[in-house]
Structure formats: structure tokens, C-alpha cells
Amino acid sequence: MNRMINLQQDEHVLYTLTGLLEIFDGVQNIYYGDLFLTNKRLYVISTKPINVEKSFWFKGEMRNIEHSTNIVGKHRIAIRWAYNGNLLYFIKAFQKLDVNV
Numbered sequence: 002m003n004r005m006i007n008l009q010q011d012e013h014v015l016y017t018l019t020g021l022l023e024i025f026d027g028v029q030n031i032y033y034g035d036l037f038l039t040n041k042r043l044y045v046i047s048t049k050p051i052n053v054e055k056s057f058w059f060k061g062e063m064r065n066i067e068h069s070t071n072i073v074g075k076h077r078i079a080i081r082w083a084y085n086g087n088l089l090y091f092i093k094a095f096q097k098l099d100v101n102v
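Every letter in the sequence shown is one number past the one before it in the numbering used here, and letter 84, counting from 1, is 85.
Now the structure itself:
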């Protein structure tokens, strides 16, 4: 998919993955789409099974990583099965972010 996204003035994309994403926010949702890592948020765009665009902002929220699961506040975003991109580079970029925790 790899689309362009609208960014804030001081926001920039660090890495993008395309794949099957599981998002846990009290309910498990599974999407196929793009996961953008910016210096301010994780941003999901999916057209399958439904059109979804979600932002998970880092400011004032806990962030962590467990294998391929990114945790932002109460949200868990797991990258599963198939993806296009280098997951290791994505994880390293996520871990290097200097975010208030």
C-alpha cells in the first residue's frame, strides 16, 4: 500500500511497514495495511477488511516493545505473519525515540 500521510509541521516518518496488524484497545481488531512510525506517533492506514486510519500519539503515554508488539498507552499494535519492510529496523527506530514516559 505505502501511501503518503498528512504530517504535522515538525513531524517526519522514520519507517513504514506493510503487513497484517493486530490492534488491541479493549477489543482485538485485525487489519492489513501500512504502519507508519513517525517521531510523534504510530499511524495505521488500512483498506482491508474496512477503511481505517488511526493515530497513536506518544506524548504523555507509555511506550514499550515486546517482540513485534508496539505499546502506546492502552493500545497494543502487533505486526504479524507477513510484512513488507525490515521489522528489525522498525523496532530499533521505535526503541530510539526520545518520548516522555
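Note that beta-carbon positions come from the ideal geometry of N, C-alpha and C, so glycine has one too.
How big is the Cα-Cα spacing for residue 88 and residue 18?
7 Å
Same chain, Cβ closer than 8 Å to residue 22, neighbours up to 5 away in sequence not counted
31, 32, 33, 34, 36, 45, 47, 78, 79, 80 and 81
Who does residue 113 pair with in a DSSP beta bridge?
This structure cannot speak to residue 113, because the chain is shown only from 2 to 102.
Which of helix, strand or coil DSSP assigns to residue 55:
strand
Of all the CB atoms in chain B, is at least one closer than 8 Å to the CB of residue 47?
Here there is only one protein chain, and chain B is not present.
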